[in-house]
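Peer 1: The numbers in the working numbering rise by one with no breaks, and the one at position 265 of the sequence shown is 267.
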Amino acid sequence: GEPSHPCLQQLPVAGMVAWHAPLSLLRWSCVGAVVHAGTLAVAGDRGFAGVFDRQVCTREASSASEWAGFCAWLEDSCHFPVMGRFFQGSFERNGTSVRGVGSVHSMSKGDLLGCIPRSCLMYKSDKRRSAAAKGAAQHPSCGEQNGASLALYVAEEARRGGESSFAPWLRALPGLEDYRKYHPAFVGRRLGLSLEAEDRWALWQGPGNFTESLRSCYDTYLELVPDSAKAPTFEETLLAFVQVLSRQFSTTTLIPFADSLNTGPPAELNVDYFVVKDDRGRKSHVCLEASTDIGAGAELLTDYELSDRAPLEFFEMFGFTLGAAHHPPASENMCQGLSASEFAQPAADAGPVLRNYWHFAREHCG
C-alpha cells in the first residue's frame with residue numbers, strides 16, 4: 003500500500019478534526035490521509051517547459067541560497083517534507099517571467115503536500131510577540147488597520163536577524179528592492195496625474211490611506227518600546243505590512259510555504275488547504291493538498307479568494323491583477339482619469355510602479 007504521509011504521523015490522532023478554513027471548501031480530515039510518491043521529473047521533462055532558474059529543495063543546494071535555507075528550515079523545524087519535492091523557479095506567464103513554486107513530481111487530486119505546525123506560523127495573537135507589540139495591538143490605532151499588528155511582529159522578528167526562530171523564512175520573503183519594482187506601496191510620491199486618477203491611488207497615497215494608518219500604529223508602538231534604537235524602523239515596518247497584506251491567508255496569519263504560492267484564474271488553481279484542530283479545539287496544523295491533478299514541473303497555485311474584489315483593490319494589495327476577465331468589471335468611477343486619453347504611457351525612465359499602474363489602467367479601463 004501507499005505510505006502514510008510523514009507529517010500525519012506526527013499529528014495527535016485522538017480528537018483530531020478538520021476545521022473548515024475560510025479560504026477553501028474542505029472535504030476530509032487528516033486522519034488516514036496518504037500521499038502518492040508521484041513520478042520524479044528529470045531534466046528535459048516536458049512538464050518543465052517554460053520554467054527557468056529552477057532550484058529544487060535539496061540538502062546539496064548552496065548554503066548561500068535563501069531558498070535552500072528556507073527549505074532546510076521547513077524540513078527540520080516545521081517537519082514539512084520539501085526536499086526533492088518542490089522547487090522555486092521563474093514561470094513564463096503572458097510574456098513575462100513570474101517567480102513561483104512548482105512541484106518536482108506529478109500529484110493526484112487529494113494528495114497531501116504536507117502539514118505545517120502552529121509553532122511555525124506567525125499570527126497577531128502570538129504569545130511570542132514582545133510586550134510592546136502586544137500592547138500596541140490593543141490600541142485602536144493598530145486594531146483599526148487590518149494587518150498592522152501582525153506587521154509589527156514580522157518587523158520585530160526581521161530586526162532580530164539570525165536570532166529569530168523565523169529567520170530562514172523571513173530572509174526568503176521579497177524585500178524592498180523586489181516590491182519597489184511593482185508594488186504601489188513603494189511609489190514614493192504622488193504620480194503627477196489628474197486629480198481623479200490620483201484619487202484612484204488613495205489606499206496608499208491619499209488621506210487616511212494605508213501608510214498613514216500604519217504610521218499611527220507604529221507611533222503607538224514606539225511609545226511602548228523600552229529602547230527605540232532597537233525597534234524596527236518605519237520603513238522596515240512598512241515592508242512587513244506589505245508582506246502581510248500580500249501574503250496572509252487571513253487578517254491574522256502568515257503560513258510558511260503556502261505564502262510562497264502564486265494565484266491564478268480559477269481554472270488554473272491546484273492547491274487547497276485545511277486546518278486541523280487538536281482534542282482541545284485549538285488549531286494545531288495547516289495542511290496543503292492538491293485540489294486537482296498536478297503535472298511534474300507545474301506551478302503550484304492557490305486561491306487568494308479576492309478575485310471578487312474590485313480590480314483596483316486587488317491591485318493595491320498585490321501589485322497585479324488576474325486580468326479583466328477574472329474580476330468584476332471596473333466601475334466608471336474607478337476609471338476616471340485612467341482612460342488612454344487621460345493617462346499617457348509613462349516615459350521609459352519613469353518609475354516601475356508608475357509603469358505598472360499604466361498597464362493596470364490599460365487592462366481594466368481601456
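Where is the CB? At the ideal position from N, CA and C, for every residue including glycine.
Could you give the distance in angstroms between the alpha-carbon of S67 and the alpha-carbon of G102?
Peer 2: 16 angstroms
Peer 1: So, under 8 angstroms CB-CB, T222 and L240 are touching, yes? Tell me the CB distance rounded to an integer number of Å.
Peer 2: Not really, about 15 angstroms apart at Cβ, beyond 8 angstroms.
Peer 1: Ignore the nearest five residues each way along the sequence and tell me which others in W403's own chain have a CB closer than 7 angstroms to its CB.
Peer 2: Limits of the chain in this structure are 3 at one end and 368 at the other, which puts residue 403 out of reach.
Peer 1: With DSSP run on the structure shown, which of helix, strand or coil describes G102?
Peer 2: strand
Peer 1: Quick one: Cα of Y125 to Cα of E344, how far?
Peer 2: In this model, Y125 and E344 are separated by some 43 angstroms (Cα to Cα).
Peer 1: Note down the Cα distance separating C32 from L356, rounded to an integer number of angstroms.
Peer 2: With a pLDDT of 31 at C32, under the threshold of 50, the modelled position of that residue is not reliable, and the figure given next carries that caveat. Computed Cα separation, rounded: 46 angstroms.
Peer 1: Where does T304 land, buried or exposed, given buried means 16+ other C-beta within 10 angstroms?
Peer 2: buried
Peer 1: Counting along the chain, where does the beta strand (DSSP E) carrying Y275 start and finish?
Peer 2: 273 to 279
Peer 1: Considering only DSSP beta bridges, list what Y125 is partnered with.
Peer 2: T255
Peer 1: Under a Cβ-count criterion, where at least 16 other Cβ atoms within 10 Å of its own Cβ denotes burial, should D261 be classed as buried or exposed?
Peer 2: buried
Peer 1: By the DSSP assignment, the beta strand (DSSP E) with K285 in it spans what residues?
Peer 2: 285 to 292
Peer 1: Are the beta-carbon atoms of S92 and D55 separated by less than 9 angstroms?
Peer 2: Yes, the pair counts as a contact, with Cβ atoms nearer than the cut-off.
Peer 1: Hey, would you say G266 sits closer than 9 angstroms to L324, going by beta carbons?
Peer 2: Yes. Within cutoff.
Peer 1: When you compare each of H329, L152, E334, F317 to Y181 by their alpha carbons, which one comes out closest?
Peer 2: F317
Peer 1: Taking C367 as part of the alpha helix (DSSP H), name the residues at either end of that continuous run.
Peer 2: 354 to 367
Peer 1: For the alpha helix (DSSP H) that contains P313, what are its first and last residues?
Peer 2: Its alpha helix (DSSP H) spans residues 313 to 320.
Peer 1: Would you say the beta carbon of F322 is closer than 8 angstroms to some non-hydrogen atom of the ligand PLP?
Peer 2: With respect to small molecules bound, the structure shown includes none, and the ligand PLP cannot be examined in it.
Peer 1: Give me, in chain order, the residues of the same chain whose beta-carbon lies closer than 6 angstroms to that of V84; leave out the 5 immediate sequence neighbours on both sides.
Peer 2: C59, C73, L76, E77
Peer 1: So what does E301 bridge to, in DSSP terms?
Peer 2: G104
Peer 1: Between the stretch 230 to 240 and the stretch 150 to 162, are three or more C-beta pairs nearer than 8 angstroms?
Peer 2: As far as the Cβ criterion goes, the stretch 230 to 240 touches the stretch 150 to 162, which means the pair count is three or higher.
Peer 1: Would a C-beta distance cut-off of 9 angstroms place F82 and C122 closer than the cut-off?
Peer 2: yes
Peer 1: Contact between the stretch 285 to 293 and the stretch 108 to 116: three or more CB pairs below 8 angstroms?
Peer 2: yes
Peer 1: Tell me the residue span of the beta strand (DSSP E) that contains P119.
Peer 2: 114 to 119
Peer 1: Considering only the alpha carbon of each residue, which of P354, H366, A169, C367 lies closest to P186?
Peer 2: P354
Peer 1: Start and end of the alpha helix (DSSP H) containing C73?
Peer 2: 68 to 78
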